[in-house]
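Notes to accompany the following structure.
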Amino acid sequence: MRVALIGNPNIGKSTLFNQLTRSGVKTVNFPGSTVVCYEAKAARKSHAHITFIDTPGLYSFSPLSSEEKVTRKVLFNEAGRPTVDAVVFLMKPSQLRRKLIMLHQLKMAGVPFVVMLVKEKITPSLQNEIDGFSAHFNAPFLVENNTTTEKLLNVLGGLDPATEASALPAYTPEERQTIQQNLIAELKLEQQSAVSNSAFYCNFDKLFLHPIWGLLAFILIMAGAFSLVFWLSSPLTDFMDTCFTNLSNWLFVQLGDNLFSLFVAKGLVVAFGASVLFLPQIFLLFFVLGLLEQSGYLPRAAVFLDRPFQWLGVSGKAFLPVISGFGCAIPAIYSTRMLSSKREKLIAILVLPLMVCSARLPIYSLILAFLFGSESSVAAGLVLTGLYVLALVNGAIAAKVLNKFIKKDQENFFMMELPSYRWPNVKQITQQVLRQCKRYITGAAPMILAFTLGIFALSTFPNYDKPTQQERFRYSYLADAGKAIEPIFEPLGVDWRVGAGLLSSFVAREVFISSQALLFNASEEDEQESILKSFKDIKKLNGTPLFNTANILAILVFFIYALQCFSTTVVTARETKSWRLALLQLLVYNSFAYVLAVITYQVLSRL
Amino acid sequence: MITLDNAENHKVYLIKDVLEKSYFSQRYCDLGICPGEHATIVGRAPFGGPFIVSIAGHKVALRASEASYVLVEEAPE
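Here it is, written out as structure tokens:
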């Protein structure tokens, strides 16, 4: 039995889905969080024959946005016939009337459905109305409470199977109005008052949409969020750095002086250490984004920004994918589906790779730690926030430029429902963030393992019998290959080891750090120091320090603009249905990044 | 009768008609903006940004251009 959960965006479909199936789908508080459908069996053994489908939000069965199209496809086939056995329709009691048409359509199509009323209290007069609805549509209406999932499973178990299904009726706007009015008359519904929401929450809207206070709140919330990430995580990062360094040294002593020991202690542990070093930061970043999403602030920010964003050729709604681009570009690209016009969607997708994604964060942190040392973490935090702002500015410039090149199609529309404010559910966010961190580790782990093996083999052979590490390295295959590519990176003021790191970061940005840690570790004779410190002390072959302010800033500039994520390119190609565009984007961002980085180094090194 | 974008703040209006009869017209009704409902403008984003309209217990944000399709009249007290 296949049961689809449907309802407006942000009504709580994913939350209910998680309760029913105990699977972990992210729940967020802005329109368009689920952009693909998830399927899972009911967690309860006795109801394991029921498969639930979590769908993207929809306002009607005649879809306007591409996410609504996804839901429509799940529910009905081309001919408009239902493809699921039942539907659970989530809505607020206050939305009941607006959903009359949809309920009517479901009834006409012969799909059994259960209405689940959520998020609002039921008054006695409302209960009368609900009873009337239930009788009219011959469908159970449940009210959300502690035993909701249990009740729902029982109701679904006892549901009559679909009667011979007929096609979903399609109505013209006039027909819809007539049907709506007939239903209202038939059900003897009274006029509803427009006044809503407590005055307390209305004040929030006044604040967030005020020309001055709203802007101030926006800046404070964003700056606060991203500075917090850095300040809270620095001590944890330092602690983990020490742990991994000690582990590496301890293992090296325990395992003895042989190739295996070298591989494990100085290869694997160092590489993994370098890649999980920034996990606390990534955890905090996703946590803060989760708080912002759940609170209901983001849609207000979208409203606030609509006017200025229109100047950039997109609506304020484009802010929502942009902010999730600070987590990861891939889901952000998917969430551009909620944007109404093709042009707007294209601009958003092409601009997204400029946002500071979670893979850039570790690299920025490392560079800031180099520039500021661990003492002045306040300054580093502020600069990091500056980098986030810079990403937004860059995005705005890129959007304005793209605006000139992409031809206008239909006007984008903005209209959307503003979800009510709510306290973020910390437990839920924590679970969701832990899953994202797990994905970060499991996603990066195989690459790091393969990369470590490769570096280790290439840097050790063919002269593996030489007594010292440095000698083995100097005449290794890797060193030979490195010298061949050195000319490309010379204008950046770095040697081939950093060059190799930059190339490796195209696999995934975060690999840059583990590859650097490995390469420096392999090429240095000294006892290994902590990863952060080794970046400071690493020397060129002629003995001068490898990194200085000029070339470290050049690397920073490179990372700000470069598109080093093949997954992004693949998803962009898929979403825009154009490989040419995706490859062009790859080429443009990277050449721009390279040129700008070269200029940065050449100018700064002459000062 | 006036259009919603010319309505006064914090006054209750009765929606008489939605003039947009194209493809987008459904979106109005889906968000509760249909004839017979009461609407009140409760706020507006700066620089001529979207209106915040309270309708039947929830809030909708819509641009002035979108609000200009909504025909309303002052609701009797």
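Protein chains in written order, with our numbering: chain A, 2 to 608; chain B, 480 to 556.
C-beta atoms are modelled at their ideal positions from N, C-alpha and C, and glycine is treated no differently.
Run of the beta strand (DSSP E) containing residue i, from where it starts to where it stops
i	result
A/T52	52–55
A/H211	Note, A/H211: premise wrong, no beta strand (DSSP E); not H, not E.
A/D307	Careful: A/D307 lies outside any beta strand (DSSP E), inside the alpha helix (DSSP H) at 298–312.
B/S533	530–534
A/F567	No beta strand (DSSP E) contains A/F567, which is instead part of the alpha helix (DSSP H) from 567–577.
A/A41	39–42
A/K408	Here A/K408 belongs to no beta strand (DSSP E), and DSSP marks it neither H nor E.
A/M103	Segment 101–110 is the alpha helix (DSSP H) holding A/M103; no beta strand (DSSP E) there.
B/K495	491–497
B/L541	537–541
B/E553	549–553
B/I512	Premise fails: B/I512 is in no beta strand (DSSP E) and is neither H nor E.
B/R523	517–523
A/L263	From DSSP, A/L263 is part of no beta strand (DSSP E); its letter is neither H nor E.
Residue i to residue j span [Cα, whole Å]
i	j	result
A/W214	A/G317	18 Å
A/L588	A/A110	50 Å
A/P463	A/S506	26 Å
B/A540	A/C203	14 Å
A/L519	A/T337	38 Å
A/A397	A/L154	48 Å
B/P555	B/K490	10 Å
A/A583	A/D161	49 Å
A/V499	A/F490	8 Å
A/L17	A/D86	18 Å
A/A1	A/P94	Outside the shown range of chain A, which is 2 to 608, sits residue 1 of chain A, and nothing can be said about it.
A/V369	A/L286	Residue 369 of chain A is actually Leu in this sequence, not Val. Rounded to the nearest angstrom, the two C-alpha atoms are 17 Å apart.
A/P647	A/S477	Outside the shown range of chain A, which is 2 to 608, sits residue 647 of chain A, and nothing can be said about it.
A/I600	A/F560	14 Å
A/Q565	A/L107	47 Å
A/K346	A/A319	8 Å
A/E7	A/E40	Going by the sequence as given, residue 7 of chain A is Ile instead of Glu. Roughly 13 Å between the two C-alpha positions.
A/K207	A/G133	38 Å
A/N30	A/E487	At A/N30 the pLDDT is 44, less than 50, meaning the model places this residue with poor confidence and gives no usable figure here.
A/M241	A/K534	13 Å
B/L483	A/F227	39 Å
A/L229	A/F474	41 Å
A/V384	A/V394	15 Å
A/Y365	A/N139	59 Å
A/T28	A/A480	Any reading at A/T28 must be qualified, since the residue scores a pLDDT of 48, below 50, and its modelled position is unreliable; no value is offered.
A/L313	A/F521	44 Å
A/R82	A/V572	31 Å
A/K401	A/V352	10 Å
Residue i: first and last residue of the uninterrupted alpha helix (DSSP H) it sits in
i	result
B/T509	Just to set this straight, residue 509 of chain B is Asp in the shown sequence, not Thr. Start and end: 504–509.
A/F414	Per DSSP, A/F414 belongs to no alpha helix (DSSP H) and is neither H nor E.
A/I12	It is not in any alpha helix (DSSP H) - A/I12 carries neither H nor E in the DSSP assignment.
A/Y595	580–607
A/V270	270–277
A/L557	550–562
A/I489	478–490
A/A501	497–505
A/V323	320–325
- For the segment 215–246 of chain A, which residues have a CB atom closer than 9 Å to at least one CB atom of chain B, in sequence order? G215, L216
- Task: Just list the alpha helix (DSSP H) runs in the segment 138–168 of chain A, keeping only unbroken ones of 4 residues or longer that don't cross its boundaries, in chain order.
- Result: 149–158
- So, do the segment 434–450 of chain A and the segment 276–288 of chain A have three or more beta carbon pairs nearer to each other than 8 Å? yes
- Item | the segment 515–523 of chain B contacting the segment 481–499 of chain B, beta-carbon criterion three pairs below 8 Å | yes
- Cβ contact check for the segment 450–466 of chain A and the segment 508–524 of chain A: 3 or more pairs under 8 Å: yes
- Query: Looking at chain B, which residues of the segment 54–80 of chain A have a Cβ within less than 7 Å of any of its Cβ atoms?
  - Reply: Y60, S61, S63, L65
- Message: If the cut-off is 9 Å on Cβ atoms, which residues from the segment 406–434 of chain A count as contacting chain B, listed in chain order?
- Response: E412, F414, F415, M416, M417, E418, L419, P420, S421
- Query: Should the segment 489–504 of chain A be regarded as contacting the segment 547–564 of chain A, the criterion being three or more beta carbon pairs within less than 8 Å?
  - Reply: yes
- Task: Taking 8 Å as the threshold, find out whether the segment 339–347 of chain A comes into contact with the segment 357–364 of chain A through three or more Cβ pairs.
- Result: no
- chain A contacts made by the segment 526–546 of chain B, where a contact means CB separation under 7 Å: F526, G527, G528, P529, I531, S533, I534, A535, G536, H537, K538, V539, A540, L541, R542, E545
- Message: What are the residues in the segment 89–114 of chain A lying within 8 Å of chain B by C-beta distance?
- Response: K93, S95, Q96, R98, R99, I102
- In chain order, which continuous runs of the alpha helix (DSSP H) of length 4 or greater are located wholly inside the segment 335–384 of chain A? 343–352, 361–373
- Evaluate contact between the segment 138–145 of chain A and the segment 116–124 of chain A, counting only Cβ atoms and requiring at least three cross-stretch pairs below 8 Å. yes
- Can you list, in chain order, the residues of the segment 111–136 of chain A whose Cβ is nearer than 7 Å to any Cβ on chain B? none
- Item | Near-chain B residues of the segment 281–309 of chain A (beta-carbon distance less than 9 Å), N- to C-terminal order | P300, R301, A303, V304, F305, L306, D307, R308, P309
- Give, in chain order, every residue of the segment 504–521 of chain B whose Cβ lies closer than 9 Å to some Cβ of chain A. S504, Q505, R506, Y507, C508, D509, L510, G511, I512, C513, P514, G515, E516, H517, A518, T519, V521
- Message: If contact is defined by three or more beta carbon pairs under 8 Å, each pair taking one atom from either stretch, is the segment 98–107 of chain A in contact with the segment 504–511 of chain B?
- Response: yes
- Query: Is it true that the segment 286–304 of chain A meets the segment 416–431 of chain A, where meeting means three or more beta-carbon pairs spaced less than 8 Å apart?
  - Reply: yes
- Listed from N- to C-terminal order along the chain, which residues in the segment 340–355 of chain A have their beta-carbon within a distance smaller than 8 Å of any beta-carbon of chain B? none
- Given 8 Å, three or more beta-carbon pairs between the segment 423–434 of chain A and the segment 541–555 of chain B: no
- Item | the segment 585–605 of chain A: positions lying closer than 8 Å to chain B by Cβ | none
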